[in-house]
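**Student:** In the working numbering, the protein residues as written are -17 to 360.
Note that CB positions come from ideal geometry on N, CA and C, so glycine has one too.
One structure is given below, represented as structure tokens, and several questions about it will come after.
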């Protein structure tokens, strides 16, 4: 499916004609609690089409939340979905689109995902997930993470309005920016990488690092650059999926309350270091030489002429961004939970094989070094 991507600081000007083109009669607006405080909410007051708001879902969306959204979508007779928010909002909107044409008497997660013709327009309010351009969604069913993937989940249109970042809290800006940076890096070295995905990854990494200082200083031009880079990273992982750093991050979030982007960023240097130390475990069909060449390319892009310096560079960046201390005491049972939580499917995308023992060692290093300042081990 060809997606329309529009960069505009006037969402109404981009969105309303599209609604007319789609012959929309009633919008299902999926948004989070921040929506009333965005200028977008004022623009929606002038929407030529009636809309119903759905915002009853948690930051880590539950299957039941999505079911409630599907029920309301049907009951209100909506025919188009508009998602305004961060990654969780996008996940909920995608699942409502996918589930809304399924049998409501059966568990949606057990039914086949099929294409449907319900328009989905995505307007991200953070610069991290790139979810507005991916086929992926994550929800939780009976406390277990459910990864959903379907081309039908890709929004028909994504509107990138950098103005939404002007009021984004600095901590959230840091976390989401690091998510985008890690996505781009992981996509670059993924076993599924292609020439197209590597080009997207390289552009995203370069743009984020070049714009980082201005973005954190909340300058409009750099806000726009990081938002675009986040979208490019999203396009890249839509091709490749993510790898071990993402796979290891999810339980850190649920167990210690670490925001997703920060959890990924604390894992990535350790995964990177392990791959450099164990190229003999390469599982990429293109071979060890290709792997080391790729890691060298990524290292140069982040400013390291020596590829062995790259993990330390990322760890130092993490430490510079996140100074708040996090409890560092952990129990053996927590380590066991972390190791057992890693999704083996995500590990198949990693260019170097990771055994359970290796994952345990990596988590031990992360927790002993402290998730607030991961550069101690480098």
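(1) Using beta-carbon positions only, say whether residue 261 and residue 255 come within less than 8 angstroms of one another.
(2) So residue 62 and residue 101 are supposed to be a Cβ contact under 8 angstroms. How far apart are they, rounded?
(3) Is residue -10 helix, strand or coil when you go by DSSP?
(4) Drop a sphere of 10 angstroms on the beta-carbon of residue 285, count the other beta-carbons inside from all chains shown, and report buried for 16 or more, exposed for fewer.
(5) Between the C-alpha atoms of residue 348 and residue 338, what's the straight-line distance to the nearest angstrom?
(6) Give me, in chain order, the residues of the same chain whose beta-carbon lies closer than 6 angstroms to that of residue 163; leave out the 5 immediate sequence neighbours on both sides.
(7) Kindly indicate which residue of 137, 209, 144 and 253 has the alpha-carbon position closest to the one of residue -9.
(8) Considering just the uninterrupted stretch of the alpha helix (DSSP H) at residue 208, what are its terminal residues?
(9) Please classify residue 307 as buried or exposed, where buried requires at least 16 other C-beta atoms within 10 Å of its C-beta.
(10) Considering only C-alpha positions, which residue in the set 290, 220, 33 and 263 is nearest to residue 332?
(11) Looking only at its chain, what residues have a beta carbon closer than 6 angstroms to the beta carbon of residue 42, apart from the 5 residues adjacent to it on each side?
(12) May I ask you to verify whether the stretch 104 to 121 touches the stretch 171 to 179, counting CB pairs closer than 8 angstroms and requiring at least 3?
(13) Between the C-alpha atoms of residue 34 and residue 274, what's the straight-line distance to the nearest angstrom?
(14) Tell me residue 139's beta-bridge partners as DSSP assigns them.
(15) Using C-beta distances below 6 angstroms, list every residue in its chain close to residue 79, excluding the 5 sequence neighbours before and after it, in chain order.
(16) Could you pull out every residue in the same chain whose Cβ sits closer than 7 angstroms to the Cβ of residue 168, ignoring the five residues on either side in sequence?
(17) In three-state terms, what does DSSP make of residue 173?
(18) From the DSSP output, in three-state form, read off residue 96 for me.
(19) For residue 335, which three-state DSSP category applies?
(20) Just to confirm my understanding: we take residue 277, look at its own chain, exclude 5 residues before and 5 after, and list those with CB closer than 8 angstroms. What are they?
(21) Looking at the unbroken alpha helix (DSSP H) that takes in residue 77, where does it start and where does it end?
(22) Judging by CA-CA distance, which residue of 12, 18, 29 and 7 is the nearest neighbour of residue -4?
(23) Beta-carbon within less than 6 angstroms of residue 90's beta-carbon, same chain only, minus the 5 sequence neighbours each way: which residues are those?
(24) Taking 7 angstroms as the limit between beta carbons, can you name the residues of its chain near residue 245, skipping five residues before and five after?
(25) Do you know how far the Cα of residue 49 is from the Cα of residue 135?
(26) Give the secondary structure of residue 341 by DSSP, where H, G and I count as helix, E and B as strand, and everything else as coil.
(27) Using alpha carbons as the reference points, say which of 336, 316 and 315 lies closest to residue 325.
(28) Run the CB neighbour count on residue 300, radius 10 Å, all protein chains shown included, and call it buried at 16 or more, exposed below.
(29) Could you check if residue 152 is buried or exposed, using at least 16 other CB atoms within 10 Å of its CB as the buried criterion?
(30) From the DSSP output, in three-state form, read off residue 127 for me.
**Tutor:** Concretely, from the data shown:
(1) Indexing the chain shown from 1 puts residue 261 at position 279. Indexing the chain shown from 1 puts residue 255 at position 273. Not a contact, by the Cβ cut-off of 8 angstroms.
(2) Taking the chain shown and counting its residues from 1, one reaches residue 62 at position 80. Taking the chain shown and counting its residues from 1, one reaches residue 101 at position 119. About 5 angstroms separates the two Cβ atoms, so the contact holds.
(3) Residue -10 sits at position 8 when you count from the first residue of the chain shown. The answer is coil: DSSP assigns residue -10 none of H, G, I, E or B.
(4) Translated into positions along the chain shown, residue 285 becomes position 303. Burial call: exposed.
(5) Start at 1 with the first residue of the chain shown, and residue 348 comes out as number 366. Start at 1 with the first residue of the chain shown, and residue 338 comes out as number 356. The straight-line gap from Cα to Cα measures roughly 15 angstroms.
(6) Against the chain shown, residue 163 aligns to sequence position 181. Closer than 6 angstroms at the Cβ level, and outside the excluded window around residue 163, lie 190.
(7) For the purposes of this step, residue -9 is taken as the residue at position 9 of the chain shown. Considering only alpha carbons, the answer is 144.
(8) By 1-based counting over the chain shown, the position of residue 208 is 226. Per DSSP, residue 208 belongs to the alpha helix (DSSP H) from 202 to 222.
(9) Counting from one through the chain shown, the residue named residue 307 turns up at place 325. Its pLDDT being 49, under 50, residue 307 is placed unreliably in this model, and the coordinates cannot settle the point.
(10) Indexing the chain shown from 1 puts residue 332 at position 350. Per the Cα distances, 263.
(11) In the chain shown, the residue the question calls residue 42 occupies position 60. Cβ within range, chain order: 122.
(12) no
(13) Residue 34 sits at position 52 when you count from the first residue of the chain shown. Residue 274 sits at position 292 when you count from the first residue of the chain shown. Cα-Cα distance, rounded: 52 angstroms.
(14) Here residue 139 refers to the residue found at position 157 of the chain shown. According to DSSP, residue 139 bridges with -14 and 103.
(15) In the chain shown, residue 79 corresponds to position 97, counting from 1. Contacts found: 63, 100 and 102.
(16) Residue numbering aside, residue 168 sits at position 186 when the chain shown is read from its first letter. Taken in chain order, the residues that qualify are 224, 225, 227 and 228.
(17) The count along the chain shown starts at 1 and reaches residue 173 at position 191. DSSP places residue 173 in coil when its eight states are reduced to three.
(18) By 1-based counting over the chain shown, the position of residue 96 is 114. Looking at residue 96 - three-state DSSP - the assignment turns out to be coil, as it is neither helix nor strand.
(19) Along the chain shown, read from residue 1 onward, the residue named residue 335 stands at position 353. Here residue 335 sits in coil by DSSP.
(20) The sequence position of residue 277 within the chain shown is 295, counting from 1. Once the five neighbours on either side are set aside, the close Cβ partners of residue 277 are 171, 254, 257, 258, 289 and 292.
(21) Counted from its first residue, the chain shown places residue 77 at position 95. Element bounds for residue 77: 69 to 81.
(22) Counted from its first residue, the chain shown places residue -4 at position 14. Residue 29 is the option with its Cα nearest to residue -4.
(23) Here residue 90 corresponds to residue number 108 of the chain shown, with the count starting at 1. Here the set comprises 81 and 84.
(24) Start at 1 with the first residue of the chain shown, and residue 245 comes out as number 263. Answer for residue 245: 231, 234 and 235, listed in chain order.
(25) If you number the chain shown from 1, residue 135 lands on position 153. If you number the chain shown from 1, residue 49 lands on position 67. Taking the straight line joining both Cα atoms gives about 16 angstroms.
(26) Taking the chain shown and counting its residues from 1, one reaches residue 341 at position 359. The DSSP-derived three-state label of residue 341 is helix.
(27) The sequence position of residue 325 within the chain shown is 343, counting from 1. Comparing alpha-carbon positions, the option among 336, 316 and 315 lying closest to residue 325 turns out to be 336.
(28) Here residue 300 is taken as the residue at index 318 of the chain shown, counted from 1. With 16 or more other Cβ atoms inside 10 Å of its own Cβ, residue 300 counts as buried.
(29) Counting from 1 along the chain shown, the entry for residue 152 is found at position 170. Classification of residue 152: exposed, given that the 10 Å Cβ count is below 16.
(30) On the chain shown, position 145 is the one that residue 127 refers to. Residue 127 falls in the strand class under three-state DSSP.
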